[in-house]
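Asks: My structure is below; once you've seen it, I'll send some questions.
Residue numbers (the working numbering): 971 to 1902.
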C-alpha cells in the first residue's frame, strides 16, 4: 500500500468515527429537544388548561351563590350571562384537551370529566331556574347539595387529570436529564476513541514509513564513494512513494555504474592518446637538424622499433625514376645490413611489394618456418607478428617499413605507427629536398665561378658598348623629340576628328529637324493656300461678273456680289493679321502695352461678340465672373481680347450641341505658381473656357501645340481653319507673363485655362521668345461671320448664249464654301445651266443617286467628312457615272496634286482662284465629248 493510501485510510477512519459520533450526538440532542418541547408545550399546556377549568368552576360557583342571594334583576342577568360564558369556555377547553391527549389514562379521565360536567351543567341550570321563581327551601337545599356533590366529583377528577399531566411532565424532565448525561458520556468517550484512533493511525503510518526510509538510509550509508563500479541496491518491498524513492536510488546507482565505466574507458583512451602524442613528440623532435635521408632512417628505426614493442626492423627507401622505381634498404634495427631482410625489391614483389602497391599497412600473424630469427646474446627467437607499412607523401609511396615482434601488435601500437608515418612521409620528402638543394647549390657555386670568369670578359666588351650606347642615346633623344611632336600632332588630329564628328552629328540632327520642319511647313502652306485661295476665288469671280454686268444695271445682283466680296475680303484680312501677329511674335517685334484693363466690362464685351453665334447654333452660352475679381487688371487689353476671341471661336466651332461657358475668378499665387513664375504680380486671374464639343484625344493634346500641326490632319476639313489661333494664344499669354493649358476628353468636351497676372510695372525683362511651336487650332472664321444664305432661283435668267452648249445642262457643284457655290452658281446660271449644290462628299453621292441626269461635276478637294479624292473614287465605282466629266477644283495647289486628282477619277484639274474663261473652256471641251 502506498504512503498516500495509508494516510488516506488512517485519516479516513478517523473522519468516519467522528462522523458516526456526531450523528449519535445529534440524535440524542433531538430526543432531548423533543422531551423539552413535550414538557414545555404539551404537558405544561394541558396542566394550564386543567387549572383554567378549575378556576372557571370556582367562578361559576361564586356566580351561582351570588345569583341565589341577589334580588336585583339586572345583576342576576349579568351573573347568568357570566355563567353561560364560563360554560362555553370550559366546553371549549375540554374539547381542546380531548384533541391533544395522547395517553389512555388521560383520555379516560377527560371522558369522565365531560360526563360529570354535563350533569353539573344540568344541575346548575335547574338551580338557575329555581332562583327565578318561588323558592322551596327544602327542595332547593336538596338540589344545591346534589350540585355540590357533582362539583366535588368533577373537581376530584380534574385534580386527578392535573396530577397525571404533572407526573408525565416530571417524567419527561427526568428523561431529558438522562439524555443529557448520555450525550455527555458519548462525547467524552468519542473524544477518547478519536484520540486513540488518531494515535493508532499515526503510529501505523510512521512505523511503516520509517522502516522503509531506514532501509534506504542504511543502503546509502554503505556506499563506497572511492569505488563506484559496484553500488548496493535497495530492496523494495512496497510500491508506495517511499518505494519509488528506493527504485529511483537503484536507477541512480545503475546510472553511476555506467558513468563510472564510461569514465574509466575515457581515461584509458586519454592515457592511450597521451602515450601516442608523447611518442609522436619524441620522434618529431628527433627529425630536427637531419639533412641526410639514411641518417633519418637509422634514427627513426632506432626510435620506433622499441617504442611499439618490435624486436627487429628494416627501412626501405624508394629509388630510381618514375618509369622504373624500386626500394632499397637504407637502415635496419637489431641486425647487420646483410642479415636483416633483402637488400631491395620492386613494386608488387612479395608481400612487402604488394603493400607498396596497395598503399595499406598489413599485419601478419602466421609466420613461415623459414623466416629470419630474432637473435640475441643467448640465442634466437622466432617472431610471432610481422608489420609492413608504406610511407606516403601526397598519395605516393616514398618508403616502406617492416617490423618483426615476438608479441602481437596492439591496436594502440598500430595507431601510433599510422600517425608517425603521416609525418614521416613529409619529413622524408623535406630531407630529400634539402639534399637536392645542397646538390644544386654545389653545382651553382661551380657555375658561379665559371660565370665570374666570363663576366670579366664581358666587362671589357661592356666598356666598348658603353661608348656606342652614348652615341645611340643622343640619337634616341632626337627620336624622342620627334616622337613627342608626332604624338602632339596626333592628339590634335584626334581632337579635330572628334570635333568634326560632333559637328557632323549636330548637322545631321539639325538636318532632320529642318526636314521635319519643312514637311510641317509644306503642309501648313498647303492649308494656308486653301484658306487664302477660297475667298480670293469668290472675289475674283464675282468682281469679274460685277464688271461684266455693270452695264446691265442689275442693282440687286451687284449689291449681293459686293456683300460676298466684302465678306471674302474680311476673311483675307483676318488671315493676314493672324499671320503677321505670329511673325511678329517669332521675330520678337510684337509690342505689348501694360495698361489698365477694365475687367468689369469684359463680360458684356464677350456677350456682345458671341451671343448671336450661340443663338444661331442653338447652344447655351454662360458667362460667370466672381465678385472677388478686381475691376482693374494691369495687362494688354487688346491681346487679352484677342486670346479670348480665339478660344471662344474654337469652342463654338467644335461644339454641335450642349453649352459653352467662360468663368473669370481671382486665384491664389500658389495655384498659378505650379505652372509659371509668379514673382512681381499683384494678383492672378484665372479664365476658363469650357465646352461640350468633340474634345481632343489625350495623345493629341500635346500635338496641337507643336509646329504646323493640325489635330484633324491635312485634308479633314470638317471644321476648317488655318491652325493659327492656339499658337497665337500661347505666344500672347507668354508675352503677358501668364500661362495656358488644356484638359480634354475625346467626345466630352475641352477646358482651356488661362492664368493672367496683374503687372502694374510690366515685365521687368521680357526674355527673348524662343521659337515656339505654332500650335494648331481653329481661327475665327465661319461662326463669327454671317454666312451668306444661298437661295436657288427657280427662274434662272437666260443669257444671250442660250443656244450654246451650256444651255439646259445640269451641273453639280460640290464645295464646302457657300461663297464659292454662290459665285459659280451665278456665273453658270447666266449661261442657262441648271445648278445642284452639295457641301460635302456624302451629300454629293446622295444627290447623284437621286439625279441621274447630271451632265458635269465641279468637285472641290478639301471638304469635311469625305474629301474630294474619296468622293471621286466612289463616283467612279458606280458604272453609270464612269464617263461622267468631273473637274477638280482646289485651292491647295501643291506639287503632285494634279496627278493625284486624275488618279482619283477626275477628268480635268483647275486650281483656284478660277478664271471664268478658263472654267468655261474646260467645261465646253468635256461637255462636247460627253454629248458625242
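Backbone N, C-alpha and C fix where the C-beta goes; we use that ideal spot for every residue, glycine too.
Could you pull out every unbroken alpha helix (DSSP H) segment of at least 4 residues lying fully inside the region 1336 to 1403, listed in chain order?
Replies: none
Asks: Please state whether the Cβ-Cβ distance between residue 1808 and residue 1794 is less than 8 angstroms.
Replies: No, they are not a contact pair.
Asks: Alpha carbon to alpha carbon, how far is residue 1023 from residue 1078? Give it in angstroms, no decimals.
Replies: In this structure, the straight-line span from the alpha carbon of residue 1078 to that of residue 1023 is close to 17 angstroms.
Asks: Below 8 angstroms CB to CB, which residues in the same chain sit around residue 1361 once its five sequence neighbours on both sides are set aside?
Replies: 1367, 1368, 1369, 1370, 1371, 1391, 1394, 1395 and 1398
Asks: For residue 1382, which residues in the same chain have their Cβ closer than 8 angstroms to its Cβ, ignoring the five residues on either side in sequence?
Replies: 1242, 1245 and 1246
Asks: Would you be able to state if there are at least three C-beta pairs under 8 angstroms between the region 988 to 1000 and the region 1084 to 1091?
Replies: no
Asks: Output the distance between the C-alpha atoms of residue 1698 and residue 1618, rounded to the nearest integer angstrom.
Replies: Here the C-alpha atom of residue 1698 lies approximately 14 angstroms from the C-alpha atom of residue 1618.
Asks: Using the rule of at least 16 other Cβ atoms within 10 Å of the residue's Cβ for burial, across every protein chain shown, is residue 1641 buried or exposed?
Replies: Exposed, since its Cβ has fewer than 16 Cβ neighbours within 10 Å.
Asks: Is the beta carbon of residue 1356 sitting closer than 8 angstroms to the one on residue 1281?
Replies: No.
Asks: Within the same chain, show all residues whose beta-carbon is closer than 6 angstroms to that of residue 1326, passing over the 5 residues directly before and after it, in chain order.
Replies: Non-local beta-carbon contacts of residue 1326 in its own chain, meaning distances under 6 angstroms to residues more than five positions away in sequence, involve 1317, 1360, 1367 and 1370 in chain order.
Asks: Across the region 1586 to 1602 and the region 1627 to 1641, are there enough close Cβ pairs to call them in contact, namely three or more that are closer than 8 angstroms?
Replies: yes
Asks: Quick check for students: name the residue ranges of the alpha helix (DSSP H) that lie wholly in the region 1008 to 1093, counting only runs of 4 or more.
Replies: 1014 to 1039 and 1043 to 1070
Asks: For the structure I just gave you, are there three or more beta carbon pairs, one from the region 1026 to 1036 and one from the region 1045 to 1059, closer than 8 angstroms?
Replies: yes
Asks: Going along the chain, which unbroken runs of the alpha helix (DSSP H) with 4 or more residues stay wholly within the region 1773 to 1815?
Replies: 1788 to 1799
Asks: Residues bridged to residue 1261 by DSSP?
Replies: Paired residues: none, contrary to the question.
Asks: Between the alpha carbons of residue 1101 and residue 1144, how many angstroms are there, rounded?
Replies: 52 angstroms
Asks: Only counting the same chain, and skipping five residues up and downstream in sequence, which positions put a Cβ closer than 7 angstroms to that of residue 1288?
Replies: Closer than 7 angstroms at Cβ, skipping near neighbours: 1295, 1297, 1367, 1368 and 1369.
Asks: Here's the rule I'm using: 16 or more other beta-carbon atoms within 10 Å means buried, otherwise exposed. How should residue 1687 be labelled?
Replies: Note that residue 1687 has pLDDT 49, beneath the 50 cutoff, so the model's placement of it is unreliable and the number below is only indicative. It is buried - the Cβ of residue 1687 has at least 16 other Cβ atoms within 10 Å.
Asks: Would you check if the region 1831 to 1839 and the region 1781 to 1793 touch, i.e. whether three or more CB-CB distances between them fall below 8 angstroms?
Replies: yes
Asks: Hey, how far is the Cα of residue 984 from the Cα of residue 1160?
Replies: 11 angstroms
Asks: For residue 1781 versus residue 1725, is the C-beta spacing smaller than 8 angstroms?
Replies: Not closer than 8 angstroms, so no.
Asks: I need the straight-line Cα distance from residue 1827 to residue 1844, nearest angstrom please.
Replies: CA-to-CA, the gap between residue 1827 and residue 1844 works out to about 13 angstroms.
Asks: Do residue 1712 and residue 1666 count as a contact pair if the criterion is CB distance below 8 angstroms?
Replies: yes
Asks: Starting from residue 1573 and walking both ways along the alpha helix (DSSP H), at which residues does that stretch end?
Replies: 1572 to 1587
Asks: Looking at residue 1562: is its Cβ nearer than 8 angstroms to the Cβ of residue 1706?
Replies: yes
Asks: Would you kindly check if the distance between the Cβ of residue 1285 and the Cβ of residue 1273 is under 8 angstroms?
Replies: Residue 1285 is positioned such that its CB atom lies no closer than 8 angstroms to that of residue 1273.
Asks: Taking the C-alpha atoms as reference points, what is the distance between residue 1802 and residue 1586?
Replies: 35 angstroms
Asks: Since residue 1568 is in the beta strand (DSSP E), which residue starts that stretch and which ends it?
Replies: 1565 to 1568
Asks: Please list the terminal residues of the continuous alpha helix (DSSP H) segment that includes residue 1204.
Replies: Annotation: residue 1204 is outside any alpha helix (DSSP H) and is labelled neither H nor E by DSSP.
Asks: In terms of DSSP beta bridges, what is residue 1654 paired with?
Replies: Beta-bridge partners of residue 1654 (DSSP): 1637 and 1727.
Asks: Under 8 angstroms: do the region 1147 to 1161 and the region 993 to 1001 share three or more Cβ pairs, one atom per stretch?
Replies: yes
Asks: On the premise that residue 1853 lies in contact with residue 1900, defined as a C-beta separation below 8 angstroms, what is that separation, rounded to the nearest angstrom?
Replies: About 7 angstroms; that satisfies the 8 angstroms criterion.
Asks: Using 8 angstroms as the limit for Cβ to Cβ distance, is residue 1636 near chain D?
Replies: In summary, chain D is missing from the structure at hand, where a single protein chain is found.
Asks: Report the rounded CA-to-CA distance for residue 1805 versus residue 1879, giving the unit in angstroms.
Replies: 20 angstroms
Asks: On the CB-based measure, 16 or more other CB atoms within 10 Å of its CB, does residue 1388 come out buried or exposed?
Replies: exposed
Asks: Using the Cα positions of residue 1657 and residue 1620, report the straight-line distance between them to the nearest angstrom.
Replies: 15 angstroms
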